[in-house]
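Residue numbers (our numbering), protein chains in the order written: chain A, 7 to 445; chain B, 7 to 445; chain C, 7 to 445; chain D, 7 to 445.
In structure tokens:
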């Protein structure tokens, strides 16, 4: 897990947030942060901005307890396969209303994505035009490194983080080439097919000591080679796949069923969404990557191997359907077949009319601010304490991923307490129980 | 909260479970326990029978960790306003199928309810015929005490507990008469109107040192007079209102929204149910008691006073509708209006097709076994650690009720650990995190 | 039913549409018609504007087949208990977006409601301030007549119609006073309590020969006295209660179940809405009027008396809940318990996320244009052929109301064909209509 | 459409109903008819048994108006790829409860399916073992013909009908081989690959003059070659695909939206089912056949070509998911994105918890009895008047299929009236039917 090396450095100067993929999620984040700065909205859904924590000094806002980068001191940048500036991309994404976008239009228009590192083999349903040309993937990585350095210098940033907000790539597994850093770099030189663009970005970031968060279910940094690089450059990483709509609900409801020792016979989850993400996932190879991520969730909550009478025969199916009329309004419908006393069956149906980017944007912000905190605290490698935000938490080999959102939250809180030299107080100590719990 | 006096006595001999109200819930419990004894089903939904706990010795079944009464050593008895034996009442309740009921028919037919202490003023839509006649309420209480003693002697029970499974009484508030035990006993003698039948049962139980659990939202033991009696006789109590369908889901989902700092603008909850419970609640005075119980839930999870931007304007409405076609299949529909990033709105709809008695029966069993454990451990007064099972947890005046089901569970687990002299380990210590959490 | 007297007069000159009640529905209608005139939207949901009909000349738009008032030749006016102009009222109603309202703002601001005829006894949850003072109800009626005449003269209208868009009044039944016109007029003079404000408007309209449509479930013209007046002045009337969300769905789905001879055991309907209509209906007396209207629907579709095995034991319950977060977005949830082959049970759940005024506005337009057509065609009295638009169709005593929306549509089409001297091509001959339809 | 040749023959003697495919639907039908005969249930959902019709003599039961085979005079037989007798198959199908099955067990056990004509190429997820061996497909057809003759003789049937209750075959289109009867028979002799097993059954039936109904979306008789055979032997046919759950609801709700001129932007339909039908449809090739059938529905109701503003941009998507926990309880969830006045959007969600075989069984009965009626009335070829029961109505080339269930019902009623020499009283004259209905 995490490991703290030395003192916690202060959050001085500007933090640059670099976003590979400047579509609906990224533009909703950027426009939102700008609007919040101008008093045009609240950063709802962001723990770093709105959340509280029980501390020795009582219930406190998280941002008053740990030293985080201030919203005023953030610079945004990124890459995209389309050349639209952030205003244009936000208008096309159709997430935020016209009035809000107008209020920050000049700033958004001034932000133009850098050319993307792109490979159509990995994302079949997009045909990007605003892409880098390159000889070898090493060349490509070096171009990204140059972009990072330029951005840092031009914007005068003290620190950088990178959060992947791009598409889901096709399914592939960790192979021989991903086993060591040396092998991986050889692959870059020889243009190996199984180095995905997201790996190129991650490589560039880690090489520069820039923390990397993987917001898609892509393999990316979940391979030994890149973890070796992270260790070498003492850089924290986290992933995979922002936990937003349906899976968010799943990791809320499943622990509740488990708490009550109610059995589950089947769980059917379907989604309809009409944005670029939906289009990409309409390809079976890309969907498989997402499916693997979404299916992993229940087992780690229910532990069927330990509770075979309750969860041993559970049938879990997840479907995603591209449905353009929904636009960014991702909608899920779950049918949960449960059973109770003497095996009698009951059902729960959940219809979540959510907004993909509205749920994702605050996660990007929190992950960026927290992984920057980790870096300043001298923590490196996989940050399991950020599992709270992730559909398919990446963990060290000896750690079982935790999906129960309530346990994830306790873990996040405790990591913050440890960083501030407070003992890990728990979900309900006697004292906290009497005072009322922290929110 | 709880207080342990001396040693934990073993669970020797028979435990008698006395149930005022032998309708759908009670008969489902009794038939189920008998079926389980014969290998005819699993007690799904019961933590005492199926649940596990992380202990020093690893993940263990709760019943292997703490000394609970064994299902083989339980005797059931109770009172009802109708004279049907338990088999007949179970057939009318139409919860369990014919095959299961046939498998335990002789035992069920042998159980006949005692005449009930009843007052039509408190339950308007029932007209009980199998009721005690009495001169004063003190006389009535003494008849119940006699019933208790007879039952204990006839069945050869070592210990007794009483769990209210009767109807919701009309709404009334704690008054002058309920302030002291002396005043209350004077009221019994003078037939004071605001002593409800459930209070007569509770008085009788506590007088005899029999632990009392309140499964309805009735006022009952939530008055100083009866708590004074509980203290005098060193008897534990718990209440109020079994947390089954809609409220169960609410205390699962609300903590999830709070964890993510998502705002809530409105929460509309409606129920349809067609059993005797639904008929009773069709009367506005009885519904009010239930409504107060159900409405209390969200505030204690969301703490709007501390989080006004997120929960300050939440509109919460709960409706229960008597709908005979549903029978015991209580069904709820919730519409939750939430908001995220910059205030953008989303909705969650939850349709829970549940079975009232199937969800309630294991709760009655757990509450009975746990409050018997509390008694043997020398604990008395309000047992807040049993809040996990209750819609509107009764607490000492200085303790804020906890509704978050995940915090309630940690509290329950820790109380068990304390009883067994293990330290209160918490939701996610480092060690537990790595081993994987207990279920 | 309807009766045509003589020739169909052309739709020359301006038609004035007078609206008692200028809240969400009326302002949505007015702003919408103005926007449509300017090319700013389509009048979706309006048969007179978008609908087609099979005629001798092939499929034709209804407005090309029968001579209707053109949208360009409509003037709007009305009364309200608040003094807001139509722009202000539309902003408060929060149905239409700001952009659309701005596009017609000057025209809307120029429209100011006349002072309302109001009686707080009939609408308990509103406290109107913009109301007429009067000595007797006859005086009040004469003020309304003066308003009508002034409006006609000032706007240069050739013809007028009045469509009630006001609140639901408390439940009251037709009594002695409503039996004859003479008795009713005596009641006006003596300020009889059971003359509701809506009756005063209807009296004024009919006295002036202005067709009247009742968009609420109020009693209003459904009394002999006012029908006598309508006959005297040869004026057409129609009612009651615009058929919009849940009831619209009900009269679509119920005929489908009946077509397949599927049985219905129960139908539970609940609504949440947060507009002024919801506030008014939060009072039990006002709700009762609505409930009677909504409950009548199923019996006339299923004919339980003729099909007792299928519909004889159906339990039908309707609930409306005031829920401010919903605003004008009325939402319904229906649970339908059906049974098929050998009595096996199934369920249908329908969740309609509708918009009250968006569904109602085109109905007001169609009803206004069609009842003006009726007037020009010399038809008078109750216009059953407009049942298509109404939740609780008012009919002559010898005609059974038809709720099946598909039969209602055939009837509407045929009336139009008859007016244009085309033969009816039909599911329901006159005779069948009066007998009630076959199942 | 249909054509009556001469007199209507009486329903004397026994009618044999032959069912290729004796799984859930067929066994539910057979057990149900036997139970109804013994007074053990009602044939709910069957128009021939429960439905009424408006006639010159008033509202009458359909079976009292037209001469249909009586339930007492029916013999059942069929083929299946598994050798289970009908009792065993019904137990496995798990549709009907044990008590009902026991009541007719001996009769069911006595019915054993004949060996099936099967080709695993056409149904990939089944591996039938109880199948005929054959040299050529002509040989196979002759074996089926022999089965038909034996059944008729052994059971003493006067007349036979065949209703396909088997699986959905993989998608294939009508080709050169299917153009003429001569070509088709040449294909039978040469074992042509694109002659599916269902075609072999249909060929055998039609050759023998046995009416054939296609209850699956398979191509089967929807090819010129077999229609030529039907014409030659003067045999009526009907198809395709029983209209049960989701599509039934769709053809109920869509006409309602169309009636009100409400626009539709998108319609997403998903299904979960766990029976053998679901298993077969889990294969993409088999699903495609079903998808084509299910997708055809909306266009014929909405006529987007005539109503482009309302339905021109509608996105329609249908998904079927194999989900074993559901068993035969097929469940659908529809999300319908509609728009009204000025284009404002609304949504309808429909969750139909249905039972596949419970809905299908009465359709099989009605189709069998009605197509026998057609045969006795001298009608031959495609019976469009039975579209009411079919998801994808097969029609003559010059007739547009009608999907609106209300128009389908009128058409069915009128055909019955014509057969009994009563005038059609109708929404859809012959001419209107052929042109397509007015909107």
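Ideal placement from N, C-alpha and C gives every residue a C-beta, glycine not left out.
Boundaries (first-last residue) of the beta strand (DSSP E) holding residue i
i	result
residue 269 of chain C	269–279
residue 244 of chain B	242–245
Segment limits, alpha helix (DSSP H) that includes residue i
i	result
residue 301 of chain D	290–308
residue 205 of chain A	203–213
residue 44 of chain D	Per DSSP, residue 44 of chain D belongs to no alpha helix (DSSP H) and is neither H nor E.
residue 115 of chain B	111–115
Chain-order list of residues whose beta-carbon lies under 6 Å from that of residue i (same chain, five-residue window excluded)
i	result
residue 275 of chain D	252, 324 and 340
residue 33 of chain A	92, 95, 96 and 99
residue 38 of chain C	367
residue 205 of chain B	226
residue 228 of chain B	400
Residues near residue i in its chain [Cβ-Cβ closer than 8 Å; skip 5 each side]
i	result
residue 285 of chain B	131, 132 and 328
residue 79 of chain C	17, 19, 20 and 21
residue 296 of chain A	174, 223, 247, 287 and 326
Collapsed DSSP secondary structure at residue i in the structure displayed
i	result
residue 229 of chain B	coil
residue 71 of chain A	helix
residue 401 of chain B	coil
residue 338 of chain C	strand
residue 353 of chain A	strand
residue 223 of chain A	coil
residue 124 of chain A	coil
residue 168 of chain D	strand
Any chain A beta carbon closer than 7 Å to residue i
i	result
residue 250 of chain D	no
residue 368 of chain B	yes
residue 358 of chain B	yes
residue 154 of chain B	no
residue 331 of chain D	yes
residue 23 of chain D	no
Min CB distance residue i to chain D below 7 Å
i	result
residue 343 of chain A	yes
residue 48 of chain C	yes
Min CB distance residue i to chain C below 7 Å
i	result
residue 347 of chain D	yes
residue 5 of chain D	In this structure chain D extends from 7 to 445, so residue 5 of chain D is not present and cannot be described.
residue 415 of chain D	yes
7 Å Cβ shell around residue i - same chain, five flanking residues per side excluded
i	result
residue 197 of chain B	142 and 143
(message) Which residues of the segment 384–412 of chain C have a Cβ closer than 8 Å to any Cβ of chain B? Give them in chain order.
(response) none
(request) Determine which residues of the segment 284–318 of chain C have a Cβ less than 8 Å from any Cβ of chain D, and write them out in chain order. (result) 312, 313, 315 and 316
(request) Select from the segment 253–275 of chain C all residues with a C-beta closer than 9 Å to any C-beta belonging to chain D, and list them in chain order. (result) Cβ proximity to chain D below 9 Å picks out 254, 255, 257, 258, 259, 261, 262, 263, 265, 266, 267, 268 and 269 from the segment 253–275 of chain C.
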